[in-house]
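Worksheet for the structure shown next.
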Amino acid sequence: MYWRTIPQRYKMIGQKCKKCGAINFPPKGVCKYCQTSSEFEEIQLSGRGKVHTFVLISAGGAPPEFAEQEKAGGQYPVAIVQLEEGPKVIGQIADVDPKEVKIDMPVKAELRKIYTEEEVIRYGFKFVPG
Amino acid sequence: MAIGISGYSAYIPRLRIKKEDYAKAWGSFSAAGVAEKSVMGFDEDVLTAAAKVSKRALESVPMAPDKVTRFAFASTSPPYFEKLLSGTVLYSVGMPNSAFSSDHTTSTRAGTEAMIAGFEHISANQTGMAVVVAADAPSASMWDSVEHALGAGAAAFVLSADNLVAELEGHASYASEYFGERFRPRGNPYLHDLNVKKYAEGSLITNTTRAANALLKSLNRKPEEYQHVVIQQPDARVPTTVASRLGFTDAQLASSLVSKSLGDLGAASVPVALAAALDVAKVGDQIMVISYGSGAGSDALSFKVVSDRKAPVKVQAEMDRKEYIDYVKYLKIKGAIV
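Protein chains in written order, with numbering that gives the first Met the number 0: chain A, 0 to 129; chain B, 0 to 337.
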């Protein structure tokens, strides 16, 4: 359910595993790293990271909830971002000319509209250069 | 005890459209003195802009966001007509859920309305800390010439009694009944204007001069004692009209005349213009701020700059960061093609 994911989507709240100390983001039921603990402490991630790799989504390539965005704004980049706390996360790169996105480019998470469903605007993080 | 602005910042969306693109599409461009204007991206709205600029303003002060006790949000173009708006921003920025928050949405005066609400809170709670944000991207029908000026931008201020950048010297307001100018009937997403120019100008002049003159009188000040005057900018001509009526000069207006390259920022017009004036003001400078909202009302606020600490991102830098779009892309992003 979208509402349950609001802490991670709106403000990058991650989990620190109480057993192995690894940072999980997005949050998991069982630690992705030690695969034994389900005890976590909530931590605020900085939202900073760098582009690990990326693709450009063009006409016809966007999933239905992003089709309108592609039609209105044109091609958009989707990246795997390596956060400075360690985890890799998928997100769009906003506020950038798609041709300027580069691997290792520093990025920062900020609140954007992701899509609208049942007339409810779903907000969440995207990455912007910086 | 002195209260005032402890930190501030502005955010201008990256996209711009030039007046030439309007002229090409419609044969004319109706926003006096506006050369180009800012446009929000497809995935932005006033709440995402407010979140971004509130965070920036909070990062510019030596106080922590968890000390915020009051949050006020202003915009004439909220994404919902019913639903708390300030909560979305407050939560995503990490301000305390217990901070008293309010939404100010019904006229372009909303930006200063929120500022005065913040200052009233600090007057009553001198250990408190208020964040006030105005973010706006007004919309009108593409067939309506009032649409031509409409831009997008945001500014946020941290108000308190500590670490002041600019001290509040006083404020005054004037409200009255005028109609037909810039209004949105219930259930209509677009603003209307009956375009009775002389009548609207009468409302503008009456409300702004009464608020500003009351403030000047209470401070025993003359317009020439100010280094900067910040006036509501529905286009780039209105502020010069109001300034000259009050006895201010174009030179006093120059530091804050952002509408030339950003257009009409609605409720964020005066807040962004004030940020631009603060960016270049020197310690000791005095700034007169005069807002206007149709319907009608005006707030006047007077500030004295007491520190040379500036915003982390200057308004000029935000204005210089831009990508031009053509009119067709503008229509698509604004959702005008259905």
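Think of the CB as a built atom: it goes at the ideal place given N, C-alpha and C, for glycine as much as any other residue. Here the structure is a predicted model, which means the values were calculated and not measured.
Using a 10 Å radius around the Cβ and a threshold of 16 neighbouring Cβ atoms, would you call residue i buried or exposed?
{"i": "Pro77/B", "result": "buried"}
{"i": "Asp42/B", "result": "buried"}
{"i": "Ile16/B", "result": "buried"}
{"i": "Ala129/B", "result": "buried"}
{"i": "Cys30/A", "result": "buried"}
{"i": "Ser27/B", "result": "exposed"}
{"i": "Met318/B", "result": "buried"}
{"i": "Phe72/B", "result": "buried"}
{"i": "Asn23/A", "result": "buried"}
{"i": "Tyr323/B", "result": "exposed"}
{"i": "Ala22/B", "result": "exposed"}
{"i": "Met39/B", "result": "buried"}
{"i": "Val92/B", "result": "buried"}
{"i": "Gln34/A", "result": "exposed"}
{"i": "Phe178/B", "result": "exposed"}
{"i": "Glu83/A", "result": "exposed"}
Under 8 Å, Cβ to Cβ, is there at least one residue of chain A near residue i?
{"i": "Thr208/B", "result": "no"}
{"i": "Lys51/B", "result": "yes"}
{"i": "Arg13/B", "result": "yes"}
{"i": "Phe41/B", "result": "yes"}
{"i": "Pro238/B", "result": "no"}
{"i": "Thr47/B", "result": "yes"}
{"i": "Thr104/B", "result": "no"}
{"i": "Pro233/B", "result": "no"}
{"i": "Ile16/B", "result": "no"}
{"i": "Thr87/B", "result": "yes"}
{"i": "Val197/B", "result": "Before going further, note that residue 197/B is Lys rather than Val in the sequence given. Chain A contact via Cβ: absent."}
{"i": "Pro78/B", "result": "yes"}
{"i": "Glu91/B", "result": "Reading the sequence as shown, one finds Ser at residue 91/B and not Glu. Yes, contact with chain A."}
{"i": "Ile121/B", "result": "no"}
{"i": "Lys331/B", "result": "yes"}
{"i": "Glu112/B", "result": "no"}
{"i": "Glu200/B", "result": "no"}
{"i": "Glu322/B", "result": "yes"}
For residue i, decide whether its Cβ has a neighbour in chain B, counting only Cβ atoms nearer than 8 Å.
{"i": "Arg111/A", "result": "yes"}
{"i": "Ala93/A", "result": "yes"}
{"i": "Tyr32/A", "result": "no"}
{"i": "Gly13/A", "result": "no"}
{"i": "Ile56/A", "result": "no"}
{"i": "Tyr122/A", "result": "yes"}
{"i": "Ala71/A", "result": "yes"}
{"i": "Lys107/A", "result": "no"}
{"i": "Lys133/A", "result": "As shown, chain A starts at 0 and ends at 129. That puts residue 133/A outside it, with no answer to give."}
{"i": "Lys125/A", "result": "yes"}
{"i": "Lys98/A", "result": "no"}
{"i": "Gln74/A", "result": "no"}
{"i": "Gln68/A", "result": "yes"}
{"i": "Lys27/A", "result": "no"}
{"i": "Ile1/A", "result": "Checking the displayed sequence, the identity of residue 1/A turns out to be Tyr instead of Ile. So, not an interface residue."}
Considering just the uninterrupted stretch of the alpha helix (DSSP H) at residue i, what are its terminal residues?
{"i": "Ser202/B", "result": "Lys196 to Leu218"}
{"i": "Arg244/B", "result": "Val237 to Leu245"}
{"i": "Leu330/B", "result": "Tyr326 to Ile332"}
{"i": "His120/B", "result": "Ala109 to Ala123"}
{"i": "Glu19/B", "result": "Lys18 to Trp25"}
{"i": "Gln251/B", "result": "Asp249 to Leu252"}
Below 8 Å on the Cβ atoms is my guess for residue i versus residue j; work out the distance and round it to an integer in Å.
{"i": "Val241/B", "j": "Ile289/B", "result": "7 Å"}
{"i": "Gly123/A", "j": "Tyr9/A", "result": "7 Å"}
{"i": "Ala165/B", "j": "Val304/B", "result": "5 Å"}
{"i": "Leu214/B", "j": "Ala299/B", "result": "4 Å"}
{"i": "Phe182/B", "j": "Ser293/B", "result": "6 Å"}
{"i": "Leu158/B", "j": "Gly117/B", "result": "4 Å"}
{"i": "Arg69/B", "j": "Ala98/B", "result": "6 Å"}
{"i": "Ser258/B", "j": "Ala276/B", "result": "Between Ala276/B and Ser258/B the Cβ distance is about 13 Å, and since that is not below 8 Å, they are no contact."}
{"i": "Val54/A", "j": "Met104/A", "result": "Actually they are not in contact, since the Cβ atoms of Val54/A and Met104/A sit about 14 Å apart, beyond 8 Å."}
{"i": "Gly265/B", "j": "Ala174/B", "result": "No, Gly265/B and Ala174/B are not in contact; Cβ-Cβ is about 18 Å, not under 8 Å."}
{"i": "Asp135/B", "j": "His227/B", "result": "The pair is not a contact, with the Cβ atoms about 22 Å apart (cut-off 8 Å)."}
{"i": "Pro238/B", "j": "Asp263/B", "result": "About 11 Å; that fails the 8 Å criterion."}
{"i": "Gln91/A", "j": "Val77/A", "result": "5 Å"}
{"i": "Val229/B", "j": "Ala272/B", "result": "5 Å"}
Taking the beta strand (DSSP E) that residue i belongs to, which residues open and close that run?
{"i": "Thr115/A", "result": "Pro105 to Glu116"}
{"i": "His227/B", "result": "His227 to Ile230"}
{"i": "Ala30/B", "result": "Unbroken run through Ala30/B: none, as it is neither H nor E."}
{"i": "Pro340/B", "result": "Chain B is shown only over 0 to 337; residue 340/B falls outside these bounds and no answer can be derived."}
{"i": "Ala9/B", "result": "Gly3 to Tyr10"}
{"i": "Ala129/B", "result": "Ala129 to Asp135"}
{"i": "Val119/A", "result": "Val119 to Pro128"}
Under 8 Å, Cβ to Cβ, is there at least one residue of chain D near residue i?
{"i": "Asp44/B", "result": "Protein chains in the displayed structure are A and B, and chain D is not among them."}
3 or more residues per run - each beta strand (DSSP E) lying fully within the region 7-80 of chain A: Segments of the beta strand (DSSP E) lying fully in the region 7-80 of chain A: 12-16, 39-43 and 47-56.
Alpha helix (DSSP H) segments (min. 4 residues) lying fully within the region 59-107 of chain B: If we require 4 residues or more, the alpha helix (DSSP H) runs fully inside the region 59-107 of chain B come out as 85-92.
Runs of alpha helix (DSSP H) lying entirely within the region 256-320 of chain B, each at least 4 residues, in chain order: Note on the region 256-320 of chain B: whole alpha helix (DSSP H) runs with a minimum of 4 residues are 258-261, 268-279 and 314-319, in chain order.
Sequence ranges, beta strand (DSSP E) only - wholly within the region 141-182 of chain B, length at least 3: 152-159 and 165-174, all fully within the region 141-182 of chain B.
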